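Numbering (the numbering used here), first residue to last: 15 to 658.
Ideal Cβ placement from N, Cα and C applies to all residues, glycine included.
It should be emphasised that the depicted structure is a prediction, and the values quoted were computed from it without experimental measurement.
Structure first, then comments.
Encoded structure:
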């Protein structure tokens, strides 16, 4: 089949037994062995060793009567799907003949068990699990049987299941990109809810704080209801730090490469070690910060913490992995340039802040193909040494551990991590544009246009932040918002319209975006302007709108703080912007003290139609005449492929 996609994709599908059977449980484990992470067989062959695919994964789509086992691989540019299928078949037949190893079985069983336990953090997941077991099996506790099948599975049983269900009956589907064609004939025609007496106030759990000998501040939220621990480290680095060395894409690539090998382990060995503990370890960057997270069973925390410290303190950035990951990052850039929505977001920051500002690079942090190609191993090492210091970071921990235990374990694990000179990252204030500006990116043949509008907003957590969030939700931050109601529900021009507040430690931005049918591009801009001006003056937020969203937001807080990741994420975000744990203690109560006037004032502060940057990605030949009629002073044509 042909599709408008940047990569070819291979699907291989086998029928499976129905929901709740032992064989289906075993097939889930087999999928993890074949294609789940860096330790899985096909990831090693297709992605790491032979470089034929950029991604490979397997999953079971379980249904009541029968399901399907999916194996999916995305080809690298220029790779024939037949070459990928040959490797898949080789590994499938080897699995049928030899079965999995004992080490593989133990690794995936531990990973499955850890994921199952983590899923029980959410009350909704518990209710879904019980309801599904009752509905499909007539026993709400059937999950206990499934869990027993999983944890007691043997290599011999998995081999038998593979031969029972994956030996034959495969359906193969190849998805290929459309070939490039040129037009040969220009003359072708292609034309009432129950009332709630009182909204309860939710209180953030008690947080204890201490500082390690190396200067690292630590915040602990004790939660002893499940044997889980989560760590979330935050470094003052991020994509904006790329600007200090003129290497866009460096922070993103460094984060990816940190788990590709250490002084003690290769990337595959590190992945195996983490998975064997049932833990997850991630490193990633955003605009202002770089993060490391660890999820661990409490009984495996010591070993997991040692791996966390190993990745943080002893990464080797191996050359062979660097070339592979650079190629993958360049491929992701190509995908951004081919996707209209991602393309619009990619050019926006440079228009808002200027190309010579730390925030002026693409919002994804991927950089440009040229900048990524020029990154060397020494660049990664220097960036790491400069920015990943204990006195340029803080650590948030939540879960089943006491303060005394945690402090002792951290001091031991980080004994060789010493403070150093704190790096400087400047994000100067930018003067907003004096009048609105419209930019057009030509996408020939596009049947839809992406429309994006944005203006700069105050820095960080303003004192009126809670009001800003409520206002944005009402204007465009939810399905029931004004923008979506207008453009989707009333006009039927789009599948959805949204707005968001980009919150940075420097200047943030209010951003609204939608994708509409091409012949309604200019009309969409006018409707968005109408909503922006309306929420500021002619059609302010009503008392009814405000009260409904205020109640909804307050009632959603317990769900946000139900999991360890929710707790650590909220505290990390607050600390990033200079708040303390005490601010979260009163967050729910502060929301309930807001008034309609507070939200109306927030609208006049955040939404600035006279300072907006507009970006449209669409077919210039179809929409340029209508764009010229807009009250935006014409448009400027952009060429995103001319990136430095």
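- Per DSSP, the unbroken beta strand (DSSP E) holding residue 311 starts and ends at 304 to 311.
- Going by C-alpha positions, residue 271 is about 8 Å away from residue 339.
- Residue 236 has 413 as its beta-bridge partners, per DSSP.
- Relative to residue 517, the option among 50, 172, 377 whose CA is nearest is 377.
- Excluding residues up to 5 positions away in sequence, 248, 252 lie with their Cβ nearer than 6 Å to the Cβ of residue 303 in the same chain.
- If you look at residue 595, you'll find it in the alpha helix (DSSP H) that goes 595 to 599.
- Excluding its 5 nearest sequence neighbours in each direction, residue 490 has C-beta neighbours in its own chain below 6 Å: 497, 512, 513, 526, listed in chain order.
- In the three-state scheme derived from DSSP, where H, G and I count as helix and E and B as strand, residue 50 is classed as coil.
- Following the DSSP letters along the chain, one finds residue 191 inside the beta strand (DSSP E) bounded by residues 185 to 191.
- Put simply, the backbone Cα of residue 395 is about 14 Å away from that of residue 388.
- Residue 61 counts as buried, since at least 16 other C-beta atoms from the protein chains shown sit within 10 angstroms of its C-beta.
- About 6 Å separates the CB atoms of residue 488 and residue 555; that is less than 8 Å, so the two are in contact.
- Using a Cβ distance threshold of 7 Å, residue 33 and residue 75 do not count as a contacting pair.
- Distance between residue 165 and residue 47, taken at the CA atoms: about 15 Å.
- Within the DSSP secondary-structure output, residue 627 pairs in a beta bridge with 451, 468.
- Contiguous beta strand (DSSP E) elements confined to the segment 148 to 180 do not occur, taking only those with 3 or more residues.
- In this structure, the beta-carbon distance from residue 368 to residue 263 does not fall below 7 Å.
- Three or more beta-carbon pairs separated by less than 8 Å link the segment 546 to 563 to the segment 599 to 614, which places the two stretches in contact.
- Of the residues 373, 260, 432, 460, the one whose Cα lies closest to the Cα of residue 390 is 260.
- Residue burial annotation: residue 238 is exposed, with fewer than 16 other C-beta atoms found within 10 angstroms of its C-beta.
- Look at the beta carbons and you see the segment 225 to 234 not touching the segment 118 to 128: under three pairs across the two are nearer than 8 Å.
- In the three-state reduction of the DSSP assignment, residue 225 falls in the strand class, which pools E and B.
- Your pair residue 546 and residue 230 does not check out as a contact, with CB atoms roughly 44 Å apart and the cut at 8 Å.
- For the pair residue 65 and residue 298, the Cα-to-Cα distance works out to about 23 Å.
- One Cα belongs to residue 211, the other to residue 565, and the distance between them is close to 11 Å.
- Within a 10 Å sphere around the beta-carbon of residue 195 sit fewer than 16 other beta-carbons, which makes this residue exposed.
- By alpha-carbon distance to residue 114, the top candidate from 173, 621, 420 is 173.
- Nearest to residue 605 by C-alpha distance, out of 346, 352, 483, 131, is 483.
- Residue 189 places its beta carbon less than 7 Å from that of residue 17.
- Scanning 329, 22, 494, 221 for the CA closest to the CA of residue 192 turns up 22.
- Assigned with DSSP and collapsed to three states, residue 279 falls in coil, not helix or strand.
- DSSP places residue 572 in the helix class (H, G or I) of the three-state scheme.
- Beta-carbon to beta-carbon, residue 185 and residue 86 are separated by about 13 Å, too far to satisfy the 8 Å threshold.
- Here DSSP, grouped into helix, strand and coil, assigns residue 57 to helix.
- Here residue 256 is buried. Its C-beta has 16 or more other C-beta atoms within 10 Å.
- The shortest CA-to-CA distance from residue 240 to any of 586, 645, 578 is the one to 578.
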